[in-house]
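Notes for the one structure printed next.
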Ligand SMILES: [Zn+2]
Ligand SMILES: [Zn+2]
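Numbering (our numbering), first residue to last: 642 to 820.
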């Protein structure tokens with residue numbers, strides 16, 4: 642059995658307004674989406690290489706297609722495009738949240754994307770219990786800015802500022818990816 646060199650995720654869509662897709666293509670290894678140590682970033686159409694944190698943000702709310710590559714980058718298999726989260730989950734989110742879920746943010750639904758509290762690359766479910774809506778700025782702050790979100794009580798979301806070590810972690814992922 643030939644070793645499979647890498648998996649690639651072909652992430653279609655970078656929705657900017659309520660999930661209506663602009664169909665930018667992002668290509669990244671499954672290890673990058675999972676946030677494993679020492680992985681490179683992804684390749685975003687028209688933008689070039691983007692860091693792993695950006696890959697994970699874009700993959701939060703996107704159409705995903707698995708492309709299996711062989712050792713010489715030959716395409717072995719192409720999976721069906723999968724919408725994460727599903728249209729049903731998105732509809733439920735829109736009704737429940739009514740806009741960005743960040744504390745005191747008033748951006749309306751049309752300016753939000755779905756965010757997985759536990760990323761699907763880490764095994765997080767794509768149901769409404771694990772999803773919140775975030776505007777572009779707040780989604781960026783979670784993935785690239787080191788903020789963390791926690792759900793307290795029913796639907797109250799707590800935004801926790803980055804720890805001082807975050808910047809180091811961004812530059813040199815070394816040990817475990819904590820939360
Ligand atoms: Zn996200
Ligand atoms: Zn917001």
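For each residue, glycine too, the CB sits at the ideal point set by N, CA and C.
Task: Test item: CB-CB of residue 727 and residue 767 under 8 Å - done: yes
Task: residue 783 Cβ short of 7 Å to ligand 1 heavy atom set - done: yes
Task: Check: residue 701 C-beta below 7 Å from any heavy atom of ligand 2 - done: no
- [ ] Please find out if some non-hydrogen atom of ligand 3 comes closer than 7 Å to the beta-carbon of residue 698.
- [x] Within the structure as shown, ligand 3 is missing, the only ligands being ligand 1 and ligand 2.
Task: Close beta carbons around residue 720, own chain, < 7 Å, minus the five adjacent residues each side - done: 706, 707
- [ ] Would you mind stating whether residue 734 and residue 772 have Cβ atoms separated by less than 8 Å?
- [x] yes
- [ ] Starting from the C-beta of residue 690, find all residues in its chain whose C-beta is less than 8 Å away, skip the five residues before and the five after it, and write them out in chain order.
- [x] 681, 682, 683, 684
Task: Beta-carbon proximity of residue 750 to residue 774, cut-off 8 Å - done: yes
Task: Coarse secondary structure for residue 683, derived from DSSP in three states - done: strand
Open item on the list: With DSSP as the reference, identify every bridge partner of residue 736, one or two as the case may be.
Closed with: Answer by DSSP bridge pairing: none, since residue 736 is not bridged.
Task: Residue(s) in a DSSP beta bridge with residue 723 - done: 705
Open item on the list: Quick check: is any heavy atom of ligand 1 less than 7 Å from the C-beta of residue 763?
Closed with: no
TODO: Please name the residue, chosen from 693, 741, 763, that lies closest to residue 796 on a Cα-to-Cα basis.
DONE: 741
Open item on the list: Following a CB-centred definition, is residue 756 positioned closer than 7 Å to any heavy atom of ligand 2?
Closed with: no
- [ ] With DSSP collapsed to three states, give me the class of residue 762.
- [x] helix
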